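J.: Numbering-wise, the working numbering puts 427 at position 356 of the sequence shown, and it's gapless, one number per residue.
No residue lacks a Cβ here, since even glycine has one placed at the ideal position from N, Cα and C.
Being a predicted model, the structure only gives us computed values, none of them experimental.
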Amino acid sequence: MNMDIVLGLQWGDEGKGKFIDLISENYDITARFNGGANAGHSIERNGKRITLKMIPSGIFMKGVQNVIGTGTVLDPVSFKKEILNLQRFDETLQPEKNMIISRKAHLVLPTYKLLDIFMEESPDYTTIGTTRNGIAQTYSNKILRQNLRVGDLYSSDFKSRVEHILKRDYRLLASGDMVLPSFDEISQEFFEAIDFLKKFKCTETEIYLNKALSEGKSILAEGSQAAMLDIDHGTYPYVTSSSTTAAGACGGLGISPKKMGEIYGIAKAYCTRVGNGVFPTELFDETGEEIRMKGNEFGSNTGRPRRTGWLDLPALKYAVMINGVTQLVLTKADVLSGLKSVAVCTHYELENGTIEAVSGILPESARPVLKWMDGWNADFSKMKSISELPKELTEFLAFLEEELAVPVAYLSTGPGREQILKMK
Ligand code: GDP
Ligand code: IMO
Ligand code: MG
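1. Report all residues from its chain with a CB closer than 6 Å to the CB of residue 131; omit the five preceding and five following residues, and keep chain order.
2. From the DSSP secondary-structure annotation, give me the bridge partner or partners of residue 274.
3. Which of the three DSSP states is assigned to residue 391 in this structure?
4. Rounded to whole angstroms, what is the Cα-Cα separation between residue 159 and residue 427?
5. How many whole angstroms separate the CB atoms of residue 153 and residue 125, which I take to be in contact at a CB cut-off of 8 Å?
6. For the beta strand (DSSP E) containing residue 380, name the first residue and the last one.
7. The beta strand (DSSP E) with residue 418 in it runs from where to where?
8. Would you say residue 222 touches the ligand MG, meaning its beta carbon is less than 7 Å from a heavy atom?
9. Count the other C-beta atoms from every protein chain shown that fall within 10 angstroms of the C-beta of residue 307, then say buried if there are 16 or more, exposed otherwise.
10. Taking buried to mean at least 16 other C-beta atoms within 10 Å of its own C-beta, is residue 228 buried or exposed?
11. Please enumerate, following chain order, all residues with a beta carbon closer than 5 Å to at least one heavy atom belonging to the ligand MG.
12. Distance check for residue 479 and residue 413, CA to CA, integer angstroms please.
13. Looking at the ligand IMO, does it come within less than 7 Å of residue 207, judged from the CB to the closest heavy atom?
14. Drop a sphere of 10 angstroms on the beta-carbon of residue 447, count the other beta-carbons inside from all chains shown, and report buried for 16 or more, exposed for fewer.
15. Does the region 402-410 come close enough to the region 361-369 to have 3 or more Cβ pairs within less than 8 Å?
16. Is there at least one non-hydrogen atom of the ligand GDP closer than 7 Å to the beta-carbon of residue 367?
17. Buried or exposed: which applies to residue 475, given that a residue is buried once 16 or more other Cβ atoms fall within 10 Å of its Cβ?
18. Given this structure, state the Cα-to-Cα distance separating residue 395 from residue 416, to the nearest angstrom.
19. For residue 113, verify whether its CB is less than 7 Å away from any heavy atom of the ligand GDP.
20. Measuring only from the beta carbon, is residue 49 closer than 7 Å to any heavy atom that is part of the ligand IMO?
21. Are residue 114 and residue 88 closer than 8 Å when you measure CB to CB?
22. If distances are taken between C-alpha atoms only, which option among 174, 85, 81 comes closest to residue 486?
23. Could you give the C-beta distance for residue 123 and residue 145, rounded to a whole number, given that I count them as a contact under 8 Å?
24. Would you report the Cα separation of residue 542 and residue 204, rounded to the nearest angstrom?
25. Kindly indicate which three-state DSSP category residue 361 falls into: helix, strand or coil?
26. Compute the beta-carbon to beta-carbon distance between residue 35 and residue 237, rounded to the nearest angstrom, for a pair I have assumed lies under 8 Å.
27. Could you check if residue 402 belongs to the surroundings of the ligand GDP, using beta carbon to heavy atom distance under 7 Å?
28. By DSSP's criteria, residue 447 is part of a beta bridge. Which residues make up the other side?
29. Taking the straight line between their C-alpha atoms, what separation do you get for residue 120 and residue 92?
30. Less than 8 Å between the C-beta atoms of residue 378 and residue 343, yes or no?
31. Under the DSSP definition of a beta bridge, which residues are partnered with residue 113?
32. Hey, residue 330 and residue 73 are a contact pair by Cβ (cut 8 Å); roughly how many whole angstroms apart?
33. Nearer than 7 Å: is that true of the beta carbon of residue 73 relative to any heavy atom of the ligand IMO?
34. Helix, strand or coil for residue 433 per DSSP?
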């Protein structure tokens, strides 16, 4: 058996959660391989919506095992809140029974979140517009080899090692003018959350996953964030701090690239971005606002308004290329319904006159060259068959398939679980 992967191809929030919730029933295991509570993966069930941050999106599927993999960063305090919230949402859930956590996943300590805010607000650092979950601080401590991992929580000196780091960070934080919570307060909350975390099985998930594959079980790897937020390939420095790509799934889960199966790339029919950084096709006009309102483009996690713009093909081609996407899932075309015409950026024209058709480097000065196409108008809310798709949208999809050389396998037609059409 192979591992299939679901990845965001733009700047996040493409609708990964909805798609994974839907297809996870076809798999034995769903596994998160990167990021932490910076993710916000929304799922709708019976008209109710829930946003998953750290928990894999297969959690609602009976019989599916969920794995929080080695490449992730786990915040025990946020994790505890999320589990309790999930159990309020669905009282039948027993996540201790169908979720395991890598012993090698790195822990987010409470001071990392404070340092995230500190750095975002200090004039001495570039303001990224982070989700303030201490993601960069955790990954940087990991790379510095100064961090603690989930497996460490069973060691006898765990408490003193945590306190050492907290005290070290407090000394640094005291150099600023941030109002800090008391040391005892954050320390108590953290250790209570650690006790809660101990209810879950922490294990060598690499061995678990590889054994599962050899026994013929199927795995779905769940990407969080997206290609243009990747630490290496994204729009640095306005990126997250993990590997968000298909290669990141192999590294983050400890599975050989030889075992990769389908690579589902999720993209919206337009673009959005939260936080700072280059966005060549960004709209600052009424159309941009209309897309934001109709698409409910407000962060699932932070509530921040998302920036909106036309579909960016050079960036999307780049994302398809670095990930080796085999099937495209297009979401939110319904949001553009009613617009007389829609645009797609096909190239960038750079200051020196160069034309770029595939690019992960999006300079501020890049002028997007737009192709205008006829807009579509349809009631997507109850659409059940591809024969009901408006002709203009069918042409739009055919254009994308030709440009990207990847089939559009699914078209999501609304936020609801049933609102999706299988195209191939
Ligand atoms: P993720 O981070 O990639 O899982 O995406 P988010 O959940 O952060 O954001 C996607 C939002 O779009 C959620 O509110 C989804 O419910 C919603 N959504 C997903 N697919 C569609 C779609 O095809 N049409 C519309 N209108 N909303 C969608
Ligand atoms: P999902 O999985 C959208 C963005 C932040 C910021 C940058 C760095 O829901 O698609 P971080 O907190 O990671 O240090 O922030 O990355 N960002 C996301 N944007 N969706 C996400 O996740 C994101 N996770 C991080 O807004 O610009
Ligand atoms: Mg999201």
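T.: Taking the coordinates as given:
1. none
2. 173
3. helix
4. 50 Å
5. 6 Å
6. 378-380
7. 412-420
8. no
9. exposed
10. exposed
11. 84, 111, 371
12. 18 Å
13. yes
14. buried
15. yes
16. yes
17. buried
18. 21 Å
19. yes
20. The structure shown does not extend to residue 49, since the chain spans only 72 to 495, so no value can be given for it.
21. yes
22. 85
23. About 14 Å; that fails the 8 Å criterion.
24. Absent from the model: residue 542. The displayed extent of the chain is 72 to 495, so no value can be given.
25. helix
26. Nothing about residue 35 can be read from this structure; the chain reaches only from 72 to 495.
27. yes
28. According to DSSP, which records beta bridges pairwise, residue 447 is partnered with nothing at all.
29. 12 Å
30. yes
31. 122
32. 5 Å
33. no
34. coil
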